[in-house]
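What follows is a single structure, written as structure tokens, with notes after it.
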Amino acid sequence: MRGRRLLAGLLGAAVVAGGAVEASAQSIPPPRPRVAPEPVFGIVRVQIDPGVGEQEAELRQLLAAYPFVRIGGPADYLLTTLPDFPLDIALVDLRQPREHWDELDEAFQRKEPEPRRFAIGNLRSEDTAGRLGHVLVAASRLRAILDRSLNDTQGIETCLLVREPLGGFGDRPAKCTSLGGTAPHFLHLDDVAGLQVTNRSGGDRYVSALAADGMLRLDWFGMEENPPVIKLAPGEAADFPPVLAALRNSDDPRVVLLVSSRPFAIGDLVHPAPLGPPDGCQPGVPAQPCDPVLSGVAINDDLAARSFQLIVPEEPRPAMGHGTDVIAGMAVWAAQFYSVLPYSKEEIEADSKLPEDEKQFLRWRSYEERQHRCGGTLIGPNLVLTAAHCVAKGQYAGAGLAKLLNDRRVRLGTRKLGAGGQSFGIAGVAVHAGYVPGRTHHDLALLLLQPDRGSGNVRQRPIAVAARPLPGAVDALAFGWGLTGAVAPSGNIMMSIDRRIQDNPDVLQYGEMTSVTLDTCRRKLANRVAPGMVCMYSKAALAGSPSADGVFTCRGDSGGPLVRKAGGRELLVGVVSWSMGCGYKDYPSVFTDAGSYAQWIAAARAALKPGMAIRPADPARPNLEARRP
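Given below as structure tokens:
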């Protein structure tokens with residue numbers, strides 16, 4: 005379209021020149037200054053998931069606000085609602101699957117690719133439309149640049165400078181590895197010294213380089229504060245040293261080389277990750293803008309782009325207090341109890357203004373971490389046992405218990421926090437009659453599951469529940485997605501003793517612990533511990549080391565299982581309940597003793613029906629009925 009307007013202008017000038025007045029050299033106007041290129045949008049193709057049902061019209065309306073979006077297939081992205089969060093929408097990347105690689109025995113091994121998801125937000129949140137727009141605009145801008153990747157790179161030869169370490173004696177001079185062809189280059193980012201380009205053409209070339217990632221971020225690649233566009237005469241070369249902060253821990257990192265026969269403004273091309281940190285800025289990258297870019301991208305007509313993939317081995321995330329990642333098939337009965345109601349923008353902002361010792365650090369936590377509440381254990385085809393304090397406190401105490409049926413879900417069949425497996429609705433809930441919110445006694449609840457969208461029937465195998473209390477000196481395994489650092493009893497649970505913000509692990513953790521008798525536990529916890537509880541220590545703690553040196557439980561582990569093997573089969577012997585801090589000094593982790601409540605579990609199982617939010621009495625403790633709130 006732009007080319008046609010230019011042609012029409014030239015034809016109009018020819019008509020004037022062919023008139024009665026002959027044009028003279030003096031009448032020829034001086035050449036106009038070159039006009040900056042107009043912003044353009046790349047086409048983004050989006051398909052709406054047929055399974056969204058009644059939400060389809062609302063999703064179409066959201067997409068209709070962007071003229072560069074084409075609805076239908078073949079598509080780059082799938083817009084869908086999440087089966088386990090029915091009002092949450094996500095944009096799923098349908099483009100060529102990423103190459104996933106692990107470093108194993110000093111060689112890169114291929115992993116099965118997974119679709120990339122952009123968690124946009126809840127349809128009832130005011131900022132969801134804006135978040136979707138930020139993603140679509142960023143995808144459009146990057147698409148407009150990468151559409152130039154098929155162009156000739158105008159005589160520019162490219163290679164990657166790679167360090168060759170000399171043991172303890174530093175590095176050899178960097179070796180230039182050619183980046184010819186289109187295959188990915190699987191190189192440690194730590195080994196990369198920079199990108200070297202050489203002008204093999206017969207004219208001047210203007211060159212720059214950006215770093216891109218799978219989350220649609222496009223940043224300056226170099227060390228200088230202001231990203232330069234380097235002019236290269238024929239035969240000249242230039243190096244672009246990488247910024248590790250721009251690529252480390254990023255998803256699908258790429259280097260994008262930009263070449264033109266005339267100057268261009270690199271600052272017009274960069275943009276932050278559209279769903280990055282809430283403050284919009286990326287620490288350590290001074291040239292990155294702090295606000296989402298909402299316009300198209302200004303590109304020279306002859307700009308050529310070429311992208312090169314790098315491999316960055318993933319850094320391990322922290323484990324549950326000296327715990328270990330659960331392996332596939334190890335804990336098929338483990339459940340995650342989570343919320344489908346997101347924190348609002350106002351709640352996150354209010355949290356960020358609290359004193360540090362009161363913050364939940366919501367702004368710094370992932371969506372999966374914010375939604376996670378507790379663990380649980382599948383003890384029947386559609387029954388999950390968890391802690392009462394996970395389901396019956398705050399707004400869910402007393403008559404508010406019924407709200408749980410709409411606000412919470414249970415996930416089964418996955419080791420990943422907030423991802424994979426099957427998600428189920430909660431059809432009914434039973435809380436021990438003796439449980440009082442804010443106290444630790446009788447901390448037990450039973451959840452009745454129902455199929456959620458797309459989940460079908462429960463496929464996981466339940467675990468048997470112990471029929472008698474757990475004695476002392478018994479080894480068992482604790483499981484959970486809880487916080488990972490030691491915390492003093494009076495400290496902010498979200499901040500570890502060494503002043504680090506706490507994380508939930510990505511993968512379900514487990515660790516071995518040993519029970520002690522109630523009398524032994526009372527020497528430390530006095531009347532805080534009561535019959536129906538069981539105290540567990542790591543072997544390191546029993547040997548005299550601080551509890552923080554061994555396995556311990558913390559917030560987020562609550563409701564999770566304590567399992568032992570007896571007679572060749574696994575038994576659920578406890579439910580994570582409470583502790584004084586996390587892994588603090590010589591304090592134990594305290595569990596509800598499942599075997600001590602075997603009669604209540606059986607009674608609750610028999611009484612619980614769909615639609616119920618009940619507090620069944622305990623046949624073994626009938627006098628507790630009067631203590632219900």
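According to the working numbering, the residues represented by the sequence shown are 5 to 633, in order.
The C-beta atom is built at its ideal place from N, Cα and C for all residues, glycine as well.
{"Item": "Count the other CB atoms, across all protein chains shown, that sit within 10 Å of the CB of residue 157; report buried if there are 16 or more and exposed otherwise.", "Value": "buried"}
{"Item": "Short check: CB of residue 591 to CB of residue 493, under 9 angstroms?", "Value": "yes"}
{"Item": "How many Å lie between residue 290 and residue 244 at the Cα?", "Value": "Its pLDDT being 43, under 50, residue 290 is placed unreliably by the model, and the measurement read from it follows with that caveat. About 16 angstroms."}
{"Item": "If contact is defined by three or more beta carbon pairs under 8 angstroms, each pair taking one atom from either stretch, is the region 477-484 in contact with the region 561-569?", "Value": "yes"}
{"Item": "For residue 540 and residue 527, I'd like the C-alpha separation in whole angstroms.", "Value": "14 angstroms"}
{"Item": "Quick one: what's got a C-beta closer than 6 angstroms to residue 584's C-beta in the same chain, skipping five residues either side?", "Value": "493 and 591"}
{"Item": "With 9 angstroms as the threshold, decide whether the Cβ of residue 61 is near any Cβ in chain D.", "Value": "The structure shown has no chain D; it contains just one protein chain."}
{"Item": "Report the option in 344, 612, 75 and 355 whose CA atom is closest to the CA atom of residue 88.", "Value": "344"}
{"Item": "Roughly how many angstroms lie between the CA atoms of residue 292 and residue 259, to the nearest whole one?", "Value": "Only weak support is given to the placement of residue 292: the predicted model assigns it a pLDDT of 46, under 50, and the question is left unresolved by the model."}
{"Item": "Leaving out the 5 sequence neighbours to the left and right, which residues in its chain are closer than 6 angstroms to residue 446 when beta-carbon positions are compared?", "Value": "436, 438 and 439"}
{"Item": "Pick from 360, 532, 473 and 51: whose alpha carbon is nearest that of residue 500?", "Value": "360"}
{"Item": "Counting C-beta neighbours from all protein chains within 10 Å, is the total for residue 304 16 or more, i.e. buried, or is it exposed?", "Value": "buried"}
{"Item": "Classify residue 124: buried if its beta carbon has 16 or more other beta carbons within 10 angstroms, exposed otherwise.", "Value": "buried"}
{"Item": "Can at least three beta-carbon pairs, one atom from the region 413-429 and one from the region 499-514, be found at a separation below 8 angstroms?", "Value": "yes"}
{"Item": "Given a cut-off of 9 angstroms on the beta-carbon distance, is the pair residue 456 and residue 90 in contact?", "Value": "yes"}
{"Item": "Look up residue 43 in the DSSP assignment and say whether it is helix, strand or coil.", "Value": "strand"}
{"Item": "Going by beta-carbon coordinates alone, are residue 84 and residue 55 separated by less than 9 angstroms?", "Value": "yes"}
{"Item": "Taking the straight line between their C-alpha atoms, what separation do you get for residue 141 and residue 43?", "Value": "12 angstroms"}
{"Item": "My guess is that residue 587 and residue 556 are in contact by the Cβ rule of under 8 angstroms, so how many angstroms apart are they, rounded?", "Value": "3 angstroms"}
{"Item": "Specify, as a first and last residue, the run of the beta strand (DSSP E) that residue 596 falls within.", "Value": "593-597"}
{"Item": "Examine the Cβ distances between the region 603-612 and the region 396-408 and report whether three or more of them are shorter than 8 angstroms.", "Value": "no"}
{"Item": "Answer with buried or exposed for residue 362, where buried requires no fewer than 16 other C-beta atoms within 10 angstroms of its C-beta.", "Value": "exposed"}
{"Item": "When the distance is taken between beta carbons, is residue 518 closer than 9 angstroms to residue 478?", "Value": "yes"}
{"Item": "Once you ignore the five residues that flank residue 625 on each side, which residues in its own chain have a CB closer than 7 angstroms to its CB?", "Value": "438"}
{"Item": "Just the Cα atoms here: how many angstroms apart are residue 398 and residue 442?", "Value": "9 angstroms"}
{"Item": "Would you please state the rounded distance, in angstroms, between the beta carbons of residue 486 and residue 508? I believe it to be under 8 angstroms.", "Value": "7 angstroms"}
{"Item": "Which of helix, strand or coil does DSSP assign to residue 516?", "Value": "strand"}
{"Item": "For residue 157, which three-state DSSP category applies?", "Value": "coil"}
{"Item": "With a threshold of 16 other CB atoms inside 10 Å of the CB of residue 531, please say whether the residue is buried or exposed.", "Value": "exposed"}
{"Item": "Going by C-alpha distance, which of 623, 72 and 355 is nearest residue 369?", "Value": "355"}
{"Item": "So, is residue 147 buried or exposed, given that buried needs 16 or more other C-beta atoms within 10 angstroms?", "Value": "buried"}
{"Item": "Please report the residue range of the beta strand (DSSP E) in which residue 574 lies.", "Value": "573-583"}
{"Item": "Between the beta-carbon of residue 376 and the beta-carbon of residue 278, is there less than 9 angstroms?", "Value": "no"}
{"Item": "Do residue 537 and residue 622 come within 9 angstroms of each other at the CB atom, strictly closer than that value?", "Value": "no"}
{"Item": "Can you tell me where the beta strand (DSSP E) holding residue 364 begins and where it ends?", "Value": "Segment: none, residue 364 is in no beta strand (DSSP E) and carries neither H nor E."}
{"Item": "Could you tell me the distance, in whole angstroms, from the CA atom of residue 81 to the CA atom of residue 98?", "Value": "5 angstroms"}
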